[in-house]
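Peer 1: Protein sequences appear in the order of chains A and B. Every letter in the first sequence is one number past the one before it in my numbering, and letter 177, counting from 1, is 177. So the mapping is simple: my numbering equals the position in the second sequence, first residue as 1, plus 281. Virtual Cβ for every residue (Gly too), placed ideally from N, Cα, C. My questions will all concern the structure given below.
Number of protein chains: 2
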Amino acid sequence: MAENSSEKRASGMRSAERLLIVLRALNLRNGATVLELNRDTGISRQAIYRILDTLRNFGYVRRQEATDRFHLTHMVRRLSSGFKDEEWIADIAVPILGRLVQEVVWPTELSTFSDNAMYIRESTRGRSPFTIDRVAVGQRLPMLQSASGRAYLSYCPDPERQAIIENLKSSDDDFDKVAHKPDYIERILAVTRSRGWAVGDDSFRLHPKTETLAVPVLVNGYARASLPLTYIASAATAEQIAERHMNQLQAAAKEIADRMEEMQARTDDDDDDLIPIREAS
Amino acid sequence: MAENSSEKRASGMRSAERLLIVLRALNLRNGATVLELNRDTGISRQAIYRILDTLRNFGYVRRQEATDRFHLTHMVRRLSSGFKDEEWIADIAVPILGRLVQEVVWPTELSTFSDNAMYIRESTRGRSPFTIDRVAVGQRLPMLQSASGRAYLSYCPDPERQAIIENLKSSDDDFDKVAHKPDYIERILAVTRSRGWAVGDDSFRLHPKTETLAVPVLVNGYARASLPLTYIASAATAEQIAERHMNQLQAAAKEIADRMEEMQARTDDDDDDLIPIREAS
DNA sequence: TCGGCATGTCCGGTTAACGGACAATATACA
DNA sequence: TGTATATTGTCCGTTAACCGGACATGCCGA
Chain A
1 MAENSSEKRA SGMRSAERLL IVLRALNLRN GATVLELNRD TGISRQAIYR ILDTLRNFGY
61 VRRQEATDRF HLTHMVRRLS SGFKDEEWIA DIAVPILGRL VQEVVWPTEL STFSDNAMYI
121 RESTRGRSPF TIDRVAVGQR LPMLQSASGR AYLSYCPDPE RQAIIENLKS SDDDFDKVAH
181 KPDYIERILA VTRSRGWAVG DDSFRLHPKT ETLAVPVLVN GYARASLPLT YIASAATAEQ
241 IAERHMNQLQ AAAKEIADRM EEMQARTDDD DDDLIPIREA S
Chain B
282 MAENSSEKRA SGMRSAERLL IVLRALNLRN GATVLELNRD TGISRQAIYR ILDTLRNFGY
342 VRRQEATDRF HLTHMVRRLS SGFKDEEWIA DIAVPILGRL VQEVVWPTEL STFSDNAMYI
402 RESTRGRSPF TIDRVAVGQR LPMLQSASGR AYLSYCPDPE RQAIIENLKS SDDDFDKVAH
462 KPDYIERILA VTRSRGWAVG DDSFRLHPKT ETLAVPVLVN GYARASLPLT YIASAATAEQ
522 IAERHMNQLQ AAAKEIADRM EEMQARTDDD DDDLIPIREA S
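This is the structure in structure tokens:
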């Protein structure tokens, strides 16, 4: 039995790990006694006392006087309040993009809308052999010129698009000036929608030798992010890239969207545990 | 300098505390490097590595490949998802009820609506000298007979009240049968609203010798909870109790409501720290 | 080439986390 | 009333694991 299934303890701090386990167990009950937590987690009763003391010092847990049960307080929100929804989708996209870059040799990214522009949230540049410029995460992309922005605008809800364009009109950025030309915008939207994917405009290039095309990530029917693919312009035309890889791009976008919808469905409660509350043996 | 201001470390586990501090610090940035966390928290760089490893093992943190920054993942929600809004108000009420019981000798409680009834979430029975029966937390109270239920129904939003009454009509509980008598309900609502507080019906008593009156906790103008006061019937009439303590009850209800509105305003970000991120000295 | 800055890892000393053991309290039942 | 069981709470010696100094590496600008 010694050293059974691959080493369980990769690394990490024992006491801190157990605190997380207890915190998690508290989330699965509406209030718990020391003994209940002991049974749920398999952690010794004395340790539960220590852990609850620690959590109480931080104000994350309080003891209900009347029933002597331990409850979470509103302070626990601070342990997760910094996690924003727009990061959620990037978070989910990571493994999917990882697989995608193995099928499609070109680097792909995930970008979301924020502050009147698209921002690259995740990238597989660096894992793709055909990457010219490295780090692009955090890069700002204009809405009307970039493939990401065009894909997003073409498939976001109508009121959102109108609001975005209205905002762009008062933007200082030169790129956003075209927001004043309704027919230009209409043409972009029409072309993008008829194709199902967007291309970037020559007036905006992160790198002179590359071009980009992008598909929207449609969650519940509307764009919540874009999935751009960047290729070296001399290697192929947009049509050739699309012919070869559009299926894979669309499939990845759909997979991300599916996982998003799935996660939204169950607001909190869970199944796919990474760490079991109680160790098997 | 030795043993300066009262012992700082009441109790608690050092490494686990520091993990919480780092987790909290991560919530205040959109992504952080090891060095940034070191500066934010004052914790040594080596320790930050250990802590981040631990958090990563649990899936609460991931490392963004391209930028080498550490980000929260959607898993962190599990550390607080068990905290429900209806607990929030009880949580906030605790210290306020504690002060109230010192002014009003009679025991008071906080009850919220759930599953077609009011439930006692917090109680100062046990701290009041005039308590007959002890633990009442978790006690279920019928909507149309209890003072709590009547106060809540009288001041909750109209659509909610209609929905509740509709649900009560199909309830198995004998108490809820009166939901079929619209004029009975109307009379209760009218009387309660004209007085500003509710009394319990003789047909429902947690204890034969006690009576209860209750005021609603009005958050943004509508009831989100009730604040009942229980007294021994032979000691005074409802009117006498009201005359003596209604101001204090109303003030406590208002204070709870104000704190709720305040907390709702700032969804996440914070100020009133219990634990400073970086220790002063 | 060098100095400054950031990242990552190793390892021995010290500490504080661990859990066995015991005490206290409450409840049930004979 | 006495006995048994269940639960809560605390003490304390042992030892595992946490800690941070020290070192190595890589990057950048002067």
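#1: Taking T230 of chain A as the reference, which of A:S203, A:A117, A:L110, A:N167 has the closest Cα?
#2: Which residues in the same chain as H180 of chain A place their Cβ atom closer than 7 Å to its Cβ, once the five residues preceding and following it in sequence are excluded?
#3: For a contact meaning CB atoms closer than 8 Å, what does S392 of chain B contact in chain A?
#4: Taking buried to mean at least 16 other C-beta atoms within 10 Å of its own C-beta, is E261 of chain A buried or exposed?
#5: Between A:A147, A:V34, A:D183, which has its C-alpha nearest D202 of chain A's C-alpha?
#6: Can you find a heavy atom of the ligand ZN that lies under 6 Å from the Cβ of R193 of chain A?
#7: Going along the chain, which residues of its own chain have a beta-carbon closer than 6 Å to the beta-carbon of R442 of chain B, five neighbours each way excluded?
#8: Could you tell me the distance, in whole angstroms, from the CA atom of D68 of chain A to the CA atom of R402 of chain B?
#9: Taking a Cβ distance cut-off of 8 Å, strictly less, list which residues of the segment 58 to 86 of chain A are near chain B, in chain order.
#10: Which one or two residues does DSSP pair with H352 of chain B in a beta bridge?
#11: Please go through the segment 380 to 446 of chain B and give each complete beta strand (DSSP E) segment of 3 or more residues, from N-terminal end onward.
#12: Quick check on T473 of chain B - is its C-beta less than 7 Å from some C-beta in chain A?
#13: Between A471 of chain B and V498 of chain B, how many whole angstroms is the CB-CB distance? I'm expecting something under 8 Å.
#14: Give a yes or no on whether 7 Å exceeds the smallest Cβ distance from P557 of chain B to chain A.
#15: By the three-class DSSP mapping on this structure, what secondary structure does S507 of chain B have?
#16: Among residues of its own chain, excluding the 5 on either side of C156 of chain A, which ones have a beta-carbon nearer than 7 Å to its beta-carbon?
#17: If you run the structure through DSSP and keep just helix, strand and coil, what is A32 of chain A?
#18: Let me see if you follow: with CB-CB separation under 7 Å, is L19 of chain A close to chain B or not?
#19: Taking buried to mean at least 16 other C-beta atoms within 10 Å of its own C-beta, is P182 of chain A buried or exposed?
#20: A238 of chain A to L316 of chain B, Cα distance in whole Å?
#21: Nearest to L55 of chain A by CA position, among A:L26, A:S81, A:V105, A:S44, is which residue?
#22: Mapping DSSP to helix, strand and coil, what is P216 of chain A?
#23: If you draw a straight line from the C-alpha of E367 of chain B to the C-alpha of P509 of chain B, how long is it?
#24: How close, in whole Å, do the beta carbons of P282 of chain A and D173 of chain A come, if the pair is a contact with beta carbons under 8 Å?
#25: For G363 of chain B versus M399 of chain B, is the C-beta distance shorter than 7 Å?
#26: What first and last residue would you give for the alpha helix (DSSP H) that runs through T473 of chain B?
#27: Quick check: the Cα distance between N528 of chain B and Q383 of chain B, rounded to an integer number of angstroms?
#28: What number of angstroms, rounded off, separates the C-alpha of Q250 of chain A from the C-alpha of A313 of chain B?
#29: Going by the CB atoms, is the gap between Q521 of chain B and F485 of chain B shorter than 7 Å?
#30: For D457 of chain B, I'd like the list of residues in its chain whose CB is within less than 8 Å of its CB, leaving aside the five on either flank, ordered along the chain.
#31: On a CA-only basis, which of B:T354, B:R299, B:K365 is nearest V282 of chain A? Give me that one, please.
#32: Pull the bridge partners of E297 of chain A from the DSSP assignment, please.
#33: Got a sec? Which residues, its chain only, sit under 7 Å from W243 of chain B by beta carbon, not counting five neighbours each side?
#34: So, with DSSP's three-state summary, where would you put V90 of chain A?
#35: Taking 7 Å as the threshold (beta carbon to beta carbon), is S123 of chain A in contact with chain B?
Peer 2: Working from what's here:
#1: Position 230 of the first sequence, counted from the first residue, corresponds to residue 230 of chain A. If we check each option's Cα against that of T230 of chain A, A:L110 comes out closest.
#2: In the first sequence, residue 180 of chain A corresponds to position 180, counting from 1. Around H180 of chain A: K169.
#3: As a position in the second sequence, residue 392 of chain B is number 111, starting the count at 1. The contacting residues do not exist; S392 of chain B stays about 13 Å from chain A at best.
#4: Working through the first sequence from its first residue, we reach residue 261 of chain A at position 261. Exposed: under 16 other Cβ atoms inside 10 Å.
#5: As a first step, residue 202 of chain A must be located in the first sequence, where it is residue number 202. Selected option, being the one with the closest Cα: A:A147.
#6: Inclusion of the ligand ZN in the displayed structure is not the case, the ligand content being empty and no account of it being possible.
#7: For the purposes of this step, residue 442 of chain B is identified with residue 161 of the second sequence, where counting begins at 1. L434.
#8: Along the first sequence, read from residue 1 onward, the residue named residue 68 of chain A stands at position 68. Along the second sequence, read from residue 1 onward, the residue named residue 402 of chain B stands at position 121. Their backbone Cα atoms lie some 13 Å apart in a straight line.
#9: F58, G59, Y60, R62, Q64, E65, A66, T67, H71, L72, T73, H74, M75, V76, R77, R78, L79, S80, S81, G82, F83, K84
#10: Here residue 352 of chain B is taken as the residue at index 71 of the second sequence, counted from 1. The partner list for H352 of chain B (beta bridge, DSSP) reads B:R343.
#11: 390 to 395, 398 to 404
#12: Here residue 473 of chain B corresponds to residue number 192 of the second sequence, with the count starting at 1. So no, T473 of chain B is outside the interface.
#13: Position 190 of the second sequence, counted from the first residue, corresponds to residue 471 of chain B. Position 217 of the second sequence, counted from the first residue, corresponds to residue 498 of chain B. That pair is no contact at about 21 Å.
#14: The residue labelled residue 557 of chain B in the question sits at position 276 within the second sequence. Confidence in P557 of chain B is poor, its pLDDT being 49 and thus under 50, which makes the residue's placement unreliable; the coordinate value appears in the next sentence. No, P557 of chain B lies away from the interface with chain A (no Cβ there is under 7 Å from its Cβ).
#15: Mapped onto the second sequence, residue 507 of chain B falls at position 226. The answer is strand: DSSP assigns S507 of chain B an E or B state.
#16: Position 156 of the first sequence, counting from 1, holds the residue named residue 156 of chain A. Y222, A223.
#17: Here residue 32 of chain A corresponds to residue number 32 of the first sequence, with the count starting at 1. In the structure shown, A32 of chain A sits in a strand (DSSP, three-state: E or B).
#18: Looking up residue 19 of chain A in the first sequence gives position 19. Yes, contact with chain B.
#19: Along the first sequence, read from residue 1 onward, the residue named residue 182 of chain A stands at position 182. Exposed: under 16 other Cβ atoms inside 10 Å.
#20: In the first sequence, the residue the question calls residue 238 of chain A occupies position 238. In the second sequence, the residue the question calls residue 316 of chain B occupies position 35. Rounded to the nearest angstrom, the two C-alpha atoms are 42 Å apart.
#21: Position 55 of the first sequence, counted from the start, is the residue given in the question as residue 55 of chain A. Comparing Cα positions, the closest option is A:L26.
#22: Walking along the first sequence from the start, residue 216 of chain A turns up at place 216. It is a strand residue.
#23: As a first step, residue 367 of chain B is located in the second sequence; it is residue number 86 there, counting from the start. As a first step, residue 509 of chain B is located in the second sequence; it is residue number 228 there, counting from the start. Straight-line Cα distance between these residues: approximately 17 Å.
#24: This structure gives no information on residue 282 of chain A, because the portion of chain A shown stretches from 1 to 281.
#25: Counted from its first residue, the second sequence places residue 363 of chain B at position 82. Counted from its first residue, the second sequence places residue 399 of chain B at position 118. Cβ atoms of G363 of chain B and M399 of chain B: not closer than 7 Å.
#26: Position 192 of the second sequence holds residue 473 of chain B. Per DSSP, T473 of chain B belongs to the alpha helix (DSSP H) from 463 to 476.
#27: Stepping through the second sequence from its first residue, residue 528 of chain B is reached at position 247. Stepping through the second sequence from its first residue, residue 383 of chain B is reached at position 102. Each residue's Cα considered, the two are about 14 Å apart.
#28: Here residue 250 of chain A corresponds to residue number 250 of the first sequence, with the count starting at 1. Here residue 313 of chain B corresponds to residue number 32 of the second sequence, with the count starting at 1. Taking the straight line joining both Cα atoms gives about 32 Å.
#29: On the second sequence, residue 485 of chain B is found 204 positions in, with the first residue counted as 1. On the second sequence, residue 521 of chain B is found 240 positions in, with the first residue counted as 1. The answer is no: Cβ separation not under 7 Å.
#30: As a position in the second sequence, residue 457 of chain B is number 176, starting the count at 1. Contacts found: N397, P423, M424, L425, L449, K450.
#31: The structure shown has nothing for residue 282 of chain A, since chain A only spans 1 to 281.
#32: Here chain A comprises residues numbered 1 to 281, so residue 297 of chain A is not present and cannot be evaluated.
#33: Because chain B here runs from 282 to 562, residue 243 of chain B falls outside it and cannot be looked at.
#34: By one-based count along the first sequence, residue 90 of chain A stands at place 90. The amino acid occupying residue 90 of chain A in the given sequence is Ala; Val does not appear at that position. DSSP places A90 of chain A in helix when its eight states are reduced to three.
#35: Position 123 of the first sequence, counted from the first residue, corresponds to residue 123 of chain A. It does: the Cβ of S123 of chain A has a partner Cβ on chain B nearer than 7 Å.
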